[in-house]
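>
Protein chains: 4
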Amino acid sequence: MEAPADPHFGRRIRESFERQQAMALIGARLVTVTPGTVEIELPFRDDLTQQKGFVHGGIIGMIADSAAGYAAFSLMPAGCSLVTVEYKMNILAAATGALVARGEVVKAGRTLTVARAEVYAQDRTHVATMQQTLMMLAGRPDHPE
Amino acid sequence: MEAPADPHFGRRIRESFERQQAMALIGARLVTVTPGTVEIELPFRDDLTQQKGFVHGGIIGMIADSAAGYAAFSLMPAGCSLVTVEYKMNILAAATGALVARGEVVKAGRTLTVARAEVYAQDRTHVATMQQTLMMLAGRPDHPE
Amino acid sequence: MEAPADPHFGRRIRESFERQQAMALIGARLVTVTPGTVEIELPFRDDLTQQKGFVHGGIIGMIADSAAGYAAFSLMPAGCSLVTVEYKMNILAAATGALVARGEVVKAGRTLTVARAEVYAQDRTHVATMQQTLMMLAGRPDHPE
Amino acid sequence: MEAPADPHFGRRIRESFERQQAMALIGARLVTVTPGTVEIELPFRDDLTQQKGFVHGGIIGMIADSAAGYAAFSLMPAGCSLVTVEYKMNILAAATGALVARGEVVKAGRTLTVARAEVYAQDRTHVATMQQTLMMLAGRPDHPE
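Line by line, the protein sequences give chains A, B, C and D. Mapping the first sequence onto the working numbering, position 35 (from 1) lands on 35, and the numbers just tick up by one. Mapping the second sequence onto the working numbering, position 6 (from 1) lands on 1006, and the numbers just tick up by one. Mapping the third sequence onto the working numbering, position 144 (from 1) lands on 2144, and the numbers just tick up by one. Mapping the fourth sequence onto the working numbering, position 130 (from 1) lands on 3130, and the numbers just tick up by one.
1. Quick one: what does DSSP say Ser3066/D is sitting in, helix, strand or coil?
2. Would you list, in sequence order, the uninterrupted beta strand (DSSP E) runs of no fewer than 3 residues that lie entirely inside the stretch 58-123 of chain A?
3. Taking one C-beta from the stretch 3014-3027 of chain D and one from the stretch 2100-2107 of chain C each time, how about it: are there three or more such pairs within less than 8 Å?
4. Here's the rule I'm using: 16 or more other beta-carbon atoms within 10 Å means buried, otherwise exposed. How should Ala3145/D be labelled?
5. Below 7 Å on C-beta distance, what does Thr186/A contact in chain D?
6. At the 8 Å Cβ level, is Ile3040/D part of the contact set with chain C, yes or no?
7. Three-state secondary structure (DSSP) at Arg29/A?
8. By the criterion of Cβ-Cβ separation under 8 Å, what are the contact partners of Leu1112/B in chain C?
9. If the cut-off is 7 Å on Cβ atoms, which residues from the stretch 94-111 of chain A count as contacting chain C, listed in chain order?
10. For Arg2045/C, I'd like the list of residues in its chain whose CB is within less than 7 Å of its CB, leaving aside the five on either flank, ordered along the chain.
11. Kindly indicate if chain E contains any beta-carbon less than 8 Å away from that of Thr3129/D.
12. Relative to the alpha-carbon of Ala2128/C, which residue among Ala3115/D, Val3127/D, Ala3093/D, Glu3086/D has its alpha-carbon at the smallest distance?
13. Can you grab the Cα-Cα spacing for the pair Ala1064/B / Arg2011/C, in whole Å?
14. For chain C, is any of its Cβ atoms less than 8 Å away from the one on Leu92/A?
15. Whose C-beta lies closer than 6 Å to the C-beta of Thr1037/B among residues of the same chain, with five residues either side of it excluded?
16. Below 7 Å on C-beta distance, what does Thr1049/B contact in chain A?
17. Skipping 5 residues on each side, what residues in its chain have a beta carbon closer than 8 Å to that of Gly1139/B?
18. Comparing the C-beta of Met25/A with each C-beta of chain B, is any distance below 8 Å?
19. Go ahead and label Glu2015/C buried or exposed: buried means 16 or more other beta carbons lie within 10 angstroms of its beta carbon, across all protein chains shown.
20. Could you give the distance in angstroms between the alpha-carbon of Met2089/C and the alpha-carbon of Gly2061/C?
21. Express the C-alpha separation of Ala68/A and Phe3054/D in angstroms, rounding to a whole number.
22. Among His3143/D, Arg3110/D, Arg3029/D, whose alpha-carbon lies nearest the alpha-carbon of Pro3149/D?
23. Which residue comes first and which comes last in the beta strand (DSSP E) that contains Glu2041/C?
24. Tell me the rounded alpha-carbon separation between Ala3101/D and Leu3048/D.
25. What residue from Ala1115/B, Ala1093/B, Thr1133/B has the CA that sits closest to Val3114/D's CA?
26. Does the beta-carbon of Ala2095/C have 16 or more other beta-carbons within 10 angstroms, so that it is buried, or is it exposed?
27. Sort Met2136/C, Leu2112/C, Met2130/C by Cα distance to Gly2058/C and report the nearest one.
28. Quick one: is Pro43/A buried, meaning 16 or more other Cβ sit within 10 Å of its Cβ, or exposed?
29. Return the first residue and the last residue of the alpha helix (DSSP H) that Phe17/A is part of.
30. Classify Ala3022/D as helix, strand or coil using the three-state DSSP reduction.
31. Would Gln1122/B be called buried (16 or more neighbouring beta carbons within 10 Å of its own) or exposed?
32. Since Lys52/A contacts His1143/B with CB under 8 Å, what's their CB separation in whole angstroms?
33. Please report the Cβ distance between Leu2112/C and Leu2134/C, rounded to the nearest whole angstrom; I am assuming they are in contact, meaning their Cβ atoms lie under 8 Å.
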């Protein structure tokens, strides 16, 4: 476990997550926050599915993106914000139930951080794996400017 | 413009899109379907945003994923379905309004198709670019089995 | 450790690696082969560098591509071959010395396998991380046809 | 065609390419440099191949990486350097002869630039497509420090 630059990282991330209206829209919940790792749960709902009845790949991407991003954010100092530069996700199995996305930091750099997220079903099926790059915006607040 | 393997590709895609409940959830609309290209529009809504008030990167990924996927699907024969193997997206600019995602086929193979999607704002700002791999499932229907 | 489909996977991979003339060109060596993991070493040479004197990112990609690909190949049956569908690599640190790439399988599917590779310097600096998709070609030999 | 920040971008790139010893190792040649686009040619050689006799995917990645990177570099001011943050490449066809990689800028940002490269065979077969992120290092020279 890495030492966070901001001892109040947990509260900072929970408040930020609360402002992500898109997470509320899909019913995602922030369940675990430690320095360098974040878990987000997504209960299954019919309105999250694609044409074959599986959870939409983009929805899987949403929780993976947020989990990896907040894992990166947990190690950053207070008073900054971060943006997703890019991510790449492989879908490994069709998602037919509740999911959990676990994000973790691979390399925390001064400007760029590389993070990963693994998405699992409740039976531990490995549903998706994501590799992501984020950029810290120093001195730019994590809320609407 | 490539020749579609199924002359009824347009109807097939529109019906498939209608079954994507996740697209209805976010308010996305299928606007253009030609052989090898598909456009999806997304009006802006507050409940699609992340913590800074921009459209969530995962939401951008959703419309790009579907646009590129249906572009691939437009060239496939009737009676098959396809799955997203993986995608990689760069976010180029913060999205603060309505978006359009334009998907197009890069290479249509027998099993795998590579497609791209470009996402633009209404003022033509280039918001995101995605590269995607899809796999055709021959003889597997494009609806819940 | 997963059970290999071919008990002679080790010999099969070593012989395949020997046919990779590009690995000889850059001086890469196959050092470890187990079911689902493969390690490749690359001693430093001036003629592997880019304009700033670091090992070229594409050279790092070469050993990561081969390590992850052979990790996938180690779990496949005899008599098949495989092709790299795509890979995505983040470069985490400048490489100024010898490297080792460790490939491992994330998900071995019937047609597609997802693998990863981590590249490290001798001082354990994490130099690069790669996520890769491979496709098995059943009944197609792993040598020039 | 975009306006270059440095009118001497062409000479700057040619000199930088000359310092890429890895390009000399594989026999790659810089053939075209304009603001925002760069082309690199690679004659076929047996020692560039993988186990089936095709050009190694990592070698294809090398010329795509350099072509897209120098396309980005062509728009940057004098006196800076740049590093590859990450790239993602789909291999679309087996490469059995000479190749040309064409890099172009998708979005030139202040810190990060997104570029693409397309790799073609001499018969115009589309061999690979790459999406890449680069970071400018202001005030850091483009040679060994």
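All C-beta atoms in this analysis are idealised placements derived from N, C-alpha and C, irrespective of residue type, glycine included.
In brief:
1. Taking the fourth sequence and counting its residues from 1, one reaches residue 3066/D at position 66. The answer is helix: DSSP assigns Ser3066/D an H, G or I state.
2. 81-91, 99-108, 112-121
3. no
4. Numbered from its first residue, the fourth sequence carries residue 3145/D at position 145. This sequence places Glu at residue 3145/D; Ala is not what is there. By the 10 Å Cβ count, Glu3145/D comes out exposed.
5. There is no way to answer for residue 186/A, as the model of chain A reaches only from 1 to 145.
6. On the fourth sequence, position 40 is the one that residue 3040/D refers to. By this cut-off, Ile3040/D is not an interface position.
7. On the first sequence, position 29 is the one that residue 29/A refers to. Three-state result, Arg29/A: strand.
8. As a working mapping, residue 1112/B is identified with position 112 in the second sequence. The contacting residues are Val2085, Met2135.
9. Within the stretch 94-111 of chain A, the residues whose Cβ lies closer than 7 Å to some Cβ of chain C are Val106, Lys107, listed in chain order.
10. Numbered from 1 along the third sequence, position 45 holds the residue referred to as residue 2045/C. For Arg2045/C, where only same-chain residues beyond five positions count, the Cβ hits under 7 Å are Gly2027.
11. In the displayed structure, chain E is absent; the protein chains listed are A, B, C and D.
12. Walking along the third sequence from the start, residue 2128/C turns up at place 128. With distances taken between Cα atoms, Ala2128/C lies closest to Glu3086/D.
13. The residue you call residue 1064/B lines up with position 64 of the second sequence. The residue you call residue 2011/C lines up with position 11 of the third sequence. So the alpha carbons of these two residues sit roughly 44 Å apart.
14. In the first sequence, the residue the question calls residue 92/A occupies position 92. Judged by the 8 Å Cβ criterion, Leu92/A is in contact with chain C.
15. Counting from one through the second sequence, the residue named residue 1037/B turns up at place 37. Contacts found: Ala1071, Glu1104.
16. Along the second sequence, one-based indexing puts residue 1049/B at 49. Under the 7 Å cutoff, chain A gives Gln21, Ala22.
17. Reading the second sequence from its first residue, position 139 is the one you call residue 1139/B. Closer than 8 Å at the Cβ level, and outside the excluded window around Gly1139/B, lie Gly1079, Cys1080.
18. Counted from its first residue, the first sequence places residue 25/A at position 25. The question names Met, yet the displayed sequence has Leu at residue 25/A. It does: the Cβ of Leu25/A has a partner Cβ on chain B nearer than 8 Å.
19. To locate residue 2015/C, count along the third sequence from 1; it is residue 15. Answer is exposed; the Cβ neighbour count stays below 16.
20. Position 89 of the third sequence, counting from 1, holds the residue named residue 2089/C. Position 61 of the third sequence, counting from 1, holds the residue named residue 2061/C. Their backbone Cα atoms lie some 7 Å apart in a straight line.
21. Along the fourth sequence, one-based indexing puts residue 3054/D at 54. Along the first sequence, one-based indexing puts residue 68/A at 68. One alpha carbon belongs to Phe3054/D, the other to Ala68/A, and they sit about 37 Å apart.
22. Nothing in the structure corresponds to residue 3149/D, since chain D is present only between 3001 and 3145.
23. Within the third sequence, numbered from 1, the residue matching residue 2041/C stands at position 41. Counting along the chain, the beta strand (DSSP E) containing Glu2041/C begins and ends at 2037-2042.
24. Translated into the one-based positions of the fourth sequence, residue 3101/D becomes position 101. Translated into the one-based positions of the fourth sequence, residue 3048/D becomes position 48. Taking the straight line joining both Cα atoms gives about 16 Å.
25. Counting from 1 along the fourth sequence, the entry for residue 3114/D is found at position 114. Cα-wise, what sits closest to Val3114/D is Ala1093/B.
26. Taking the third sequence and counting its residues from 1, one reaches residue 2095/C at position 95. Counting Cβ neighbours within 10 Å, Ala2095/C comes out buried, since at least 16 surround it.
27. Translated into positions along the third sequence, residue 2058/C becomes position 58. Taking only the C-alpha atoms, the option nearest Gly2058/C is Met2130/C.
28. Counting from one through the first sequence, the residue named residue 43/A turns up at place 43. With fewer than 16 other Cβ atoms within 10 Å, it is exposed.
29. Against the first sequence, residue 17/A aligns to sequence position 17. Note, Phe17/A: alpha helix (DSSP H), 9-19.
30. By one-based count along the fourth sequence, residue 3022/D stands at place 22. Reduced to three states, the DSSP call for Ala3022/D is helix.
31. For the purposes of this step, residue 1122/B is taken as residue 122 along the second sequence, with counting starting at 1. Gln1122/B should be labelled exposed.
32. Residue 52/A sits at position 52 when you count from the first residue of the first sequence. Residue 1143/B sits at position 143 when you count from the first residue of the second sequence. Contact holds; Cβ gap of about 6 Å.
33. As a working note, residue 2112/C is residue 112 in the third sequence. As a working note, residue 2134/C is residue 134 in the third sequence. Yes, Leu2112/C and Leu2134/C are in contact; Cβ-Cβ is about 7 Å, under 8 Å.
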